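In our numbering, the protein residues as written are 146 to 298.
Beta carbons are placed, not taken as given, at the ideal position from N, Cα and C, and that holds for glycine.
Only a predicted model underlies this, so the values are computations on that prediction, with no experimental measurement involved.
Right, here's the structure in full:
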């Protein structure tokens with residue numbers, strides 16, 4: 146397939162009549178990247194961003210679960226909604242949790258670009274900024290809904 150198309154991705158795999166669907170392969174190996182690694186396939190494309198995104202997703206999930214646990218221990222009714230990345234507190238306060246990775250500008254300074262989701266109607270946004278290497282949490286910003294329009298994609 147690689148020789149025929151010059152590249153390999155989920156779409157190419159899904160179009161191959163003699164292979165299982167890419168989603169099945171990804172579930173079996175943990176990810177398509179893991180399957181590529183087992184085959185010793187070296188892609189021309191860097192997938193380091195995919196690894197980073199998976200790590201940030203895991204960190205967000207862990208943070209949501211930990212915040213829910215701590216709030217419940219304090220007597221609140223807390224619920225973590227993984228898909229929407231929302232933390233519901235006493236069904237009165239809804240907090241959108243977003244991890245923001247750092248990027249280095251051409252001048253060497255750090256920038257963080259957040260994609261907010263106003264359609265979720267969250268009361269607040271917890272913006273978690275990552276350090277320069279995107280390995281640990283640098284700091285947090287809690288933005289009320291009224292301030293969310295000041296931050297752009």
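Run of the beta strand (DSSP E) containing residue i, from where it starts to where it stops
i: residue 273; result: 269-275
i: residue 249; result: 247-249
i: residue 226; result: 223-226
i: residue 283; result: 282-289
i: residue 255; result: 255-257
Residues that DSSP places opposite residue i in a beta bridge
i: residue 239; result: 233
i: residue 127; result: Beyond the ends of the chain as shown, which are 146 and 298, falls residue 127; an answer cannot be given.
Buried versus exposed, by CB contacts within 10 Å (16 or more), residue i
i: residue 230; result: buried
i: residue 298; result: With a pLDDT of only 43 at residue 298, under 50, the local geometry of the prediction cannot be trusted, and the value read off the model is given with reservation. Classification of residue 298: exposed, given that the 10 Å Cβ count is below 16.
i: residue 209; result: buried
i: residue 273; result: buried
i: residue 169; result: exposed
i: residue 158; result: buried
i: residue 299; result: As shown, the chain starts at 146 and ends at 298. That puts residue 299 outside it, with no answer to give.
i: residue 258; result: exposed
i: residue 160; result: exposed
i: residue 287; result: exposed
i: residue 267; result: buried
i: residue 285; result: exposed
i: residue 232; result: buried
Pick from the options that is closest to residue i, judged by C-alpha positions
i: residue 181; options: 153, 208, 197, 200; result: 153
i: residue 195; options: 176, 205, 210, 211; result: 176
i: residue 246; options: 171, 226, 281, 287; result: 281
i: residue 279; options: 267, 249, 268; result: 249
i: residue 213; options: 198, 200, 235; result: 235
i: residue 275; options: 201, 239, 290, 224; result: 201
i: residue 204; options: 253, 233, 222, 243; result: 243
i: residue 241; options: 218, 224, 265; result: 265
Limits of the alpha helix (DSSP H) - the one that residue i falls within
i: residue 153; result: It is not in any alpha helix (DSSP H) - residue 153 carries neither H nor E in the DSSP assignment.
i: residue 183; result: 177-183
i: residue 171; result: 167-174
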